[in-house]
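The sequence shown runs 1310 to 1565 under my numbering. Note that beta-carbon positions come from the ideal geometry of N, C-alpha and C, so glycine has one too. A short write-up of the structure that comes next.
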Amino acid sequence: MTAPVIEIRNLHKAYGDLEVLKGVDISAPAGHVVSLIGSSGSGKSTLLRCANLLEDSQQGDVLFCGEPVKWKGKGRTRHPADRAQMIRIRTNLSMVFQQFNLWSHMTILQNVMEAPVTVLKRDRAEVEAAGRMYLEKVGIGDKCDVYPAMLSGGQQQRAAIARALCMEPKALLFDEPTSALDPELEQEVVKVIKDLATEGRTMLVVTHDMRMARDISDHVVFLHQGLIEEQGPPEELFTNPKSERLQGFLSVTQTA
């Protein structure tokens, strides 16, 4: 049996005295979309950043394709012991942030090409061809030579997705990819994410968009105050929530 692309076991994370994750288990098998939902402060984005090793956790295991992250130190002093392993894992988990994080002094194509060329040392001509293809894929192939400031928010986020894809990652991590966008621009980005889901890409998605979570997910995890309150297939979670907290959350957030 193939190991999940991302697996997290009993993860704990605190900032000072504030315990944000209190022992969370999550698994993203190859080709599956796992969505994380919950109120602000429930630990969703922190969990995503711990999965990508952008944040150090104090306890628990993080595994990538069955390979456990090696740690040094304990508790507050714990951090990855093998820098080469950390970089290798991180480059295989492309993250798309809420804010687009595009370099303003580079064209859109240069933004997409930068990491594969400088970090992965891939051939520039091959990366350029791939970059143009991915920008076409997300619907902005005609924007290769313009700068981020000349694009709408939705176009910038689609460029950020193309940049993530150009790394040829094992999984894509989305941290509230539509929350900074106006509703009409949001739908542009949702369509791209839905298309990626139908291709069978492995994705871990933090979202406030319940309709998108319902449409794209194989598995949905509801976090509440740093713990998993409920999880399951979307059709089960959204139509027949068992916990009162999830019922209350969905009554406020779920759209028809």
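Nonlocal neighbours in the same chain, by C-beta distance under 7 Å from Tyr-1456, ignoring five residues either side: In the sequence shown, counting from the first residue as 1, residue 1456 sits at position 147. Residues of the same chain with a CB within less than 7 Å of the CB of Tyr-1456, apart from the 5 flanking positions on each side, are Ser-1413 and Thr-1416 in chain order.
Go ahead and label Met-1404 buried or exposed: buried means 16 or more other beta carbons lie within 10 angstroms of its beta carbon, across all protein chains shown. The residue labelled residue 1404 in the question sits at position 95 within the sequence shown. By the 10 Å Cβ count, Met-1404 comes out buried.
Can you tell me which of Asp-1527, Leu-1345, Gly-1440 and Leu-1532 puts its alpha carbon nearest to the alpha carbon of Pro-1338? Numbered from 1 along the sequence shown, position 29 holds the residue referred to as residue 1338. Among Asp-1527, Leu-1345, Gly-1440 and Leu-1532, the Cα nearest to that of Pro-1338 belongs to Asp-1527.
Expressed to the nearest angstrom, what Euclidean distance is found between the alpha-carbon atoms of Lys-1430 and Met-1476? For the purposes of this step, residue 1430 is identified with residue 121 of the sequence shown, where counting begins at 1. For the purposes of this step, residue 1476 is identified with residue 167 of the sequence shown, where counting begins at 1. Answer to the nearest angstrom: the Cα atoms are 11 Å apart.
Between Ala-1480, Gly-1535, Leu-1536 and Ile-1525, which lies nearest to Phe-1547 when the distance is taken from Cα to Cα? Residue mapping note: residue 1547 aligns to position 238 of the sequence shown, counting from 1. Phe-1547 has its Cα closest to that of Ile-1525, out of Ala-1480, Gly-1535, Leu-1536 and Ile-1525.
Are Leu-1481 and Gly-1462 closer than 8 Å when you measure CB to CB? Taking the first residue of the sequence shown as 1, we reach residue 1481 at position 172. Taking the first residue of the sequence shown as 1, we reach residue 1462 at position 153. No, Cβ-Cβ distance for Leu-1481 and Gly-1462 is not below 8 Å.
With Ala-1323 as the anchor, note down where its beta strand (DSSP E) starts and where it stops. Residue numbering aside, residue 1323 sits at position 14 when the sequence shown is read from its first letter. 1315-1324 is the extent of the beta strand (DSSP E) around Ala-1323.
Rounded C-alpha distance that separates Phe-1483 from Met-1512: Taking the first residue of the sequence shown as position 1, residue 1483 is located at position 174. Taking the first residue of the sequence shown as position 1, residue 1512 is located at position 203. Going from the Cα of Phe-1483 to the Cα of Met-1512 covers about 8 Å.
Name the one or two DSSP bridge partners that Glu-1539 has. As a first step, residue 1539 is located in the sequence shown; it is residue number 230 there, counting from the start. Answer by DSSP bridge pairing, in chain order: Phe-1531.
The stretch 1351-1367 touching the stretch 1317-1337, judged by at least three CB pairs closer than 8 Å: The count of Cβ pairs closer than 8 Å, one atom from the stretch 1351-1367 and one from the stretch 1317-1337, reaches three, so the stretches are in contact.
Coil, strand or helix - Asp-1334 by DSSP: Along the sequence shown, read from residue 1 onward, the residue named residue 1334 stands at position 25. Here Asp-1334 sits in strand by DSSP.
Within the continuous beta strand (DSSP E) that includes Ile-1571, where are the two ends? Nothing can be reported for residue 1571, as the shown portion of the chain is limited to 1310 through 1565.
I'd like the list of long-range same chain contacts for Arg-1467, defined as Cβ closer than 7 Å, with 5 residues on each side in sequence excluded. For the purposes of this step, residue 1467 is identified with residue 158 of the sequence shown, where counting begins at 1. Within the same chain, and ignoring the five residues on either side of Arg-1467 in sequence, the residues whose Cβ sits closer than 7 Å to its Cβ are Val-1447, Gly-1448, Ile-1449, Glu-1497, Val-1498 and Val-1501.
Between the Cα of Thr-1507 and the Cα atoms of Gly-1340, Cys-1374, Ser-1348 and Trp-1380, which residue gives the shortest distance? Position 198 of the sequence shown holds residue 1507. Taking only the C-alpha atoms, the option nearest Thr-1507 is Gly-1340.
What is the C-beta distance between Lys-1479 and Asn-1401, in whole angstroms, given that I count them as a contact (C-beta under 8 Å)? Residue numbering aside, residue 1479 sits at position 170 when the sequence shown is read from its first letter. Residue numbering aside, residue 1401 sits at position 92 when the sequence shown is read from its first letter. Sure, about 4 Å apart at Cβ, within 8 Å.
Under the three-state DSSP convention, the category Phe-1547 falls into: Within the sequence shown, numbered from 1, the residue matching residue 1547 stands at position 238. Reduced to three states, the DSSP call for Phe-1547 is helix.
Rounding to the nearest angstrom, what Cα-Cα distance links Ser-1560 and Gly-1535 in this structure? Here residue 1560 is taken as the residue at index 251 of the sequence shown, counted from 1. Here residue 1535 is taken as the residue at index 226 of the sequence shown, counted from 1. Looking at the two C-alpha atoms, the distance is approximately 21 Å.
Going by the beta-carbon positions, is the gap between Ile-1335 and Val-1529 smaller than 8 Å? What you label residue 1335 is simply residue 26 of the sequence shown in a count that begins at 1. What you label residue 1529 is simply residue 220 of the sequence shown in a count that begins at 1. Cβ atoms of Ile-1335 and Val-1529: not closer than 8 Å.
Opposite Trp-1380 in the DSSP bridges: which residues? Within the sequence shown, residue 1380 is the residue found at index 71, counting from 1. BP columns for Trp-1380 point to Pro-1389.
To which residues does DSSP link Phe-1373 through a beta bridge? Against the sequence shown, residue 1373 aligns to sequence position 64. Looking at the DSSP output, Phe-1373 shares a beta bridge with Ile-1315 and Glu-1376.
So, at 6 Å on beta carbons, what are the nonlocal neighbours of Met-1521 in its own chain, with the 5 sequence-adjacent residues on each side left out? Along the sequence shown, read from residue 1 onward, the residue named residue 1521 stands at position 212. Taken in chain order, the residues that qualify are Val-1499.
Report yes if the CB atom of Val-1314 is closer than 8 Å to the CB atom of Cys-1374, and no otherwise. Within the sequence shown, residue 1314 is the residue found at index 5, counting from 1. Within the sequence shown, residue 1374 is the residue found at index 65, counting from 1. The answer is yes: Cβ separation under 8 Å.
Look up Val-1405 in the DSSP assignment and give the residues it is bridged to. Your numbering for residue 1405 matches position 96 in the sequence shown. As computed with DSSP, Val-1405 is found in a beta bridge with Phe-1483.
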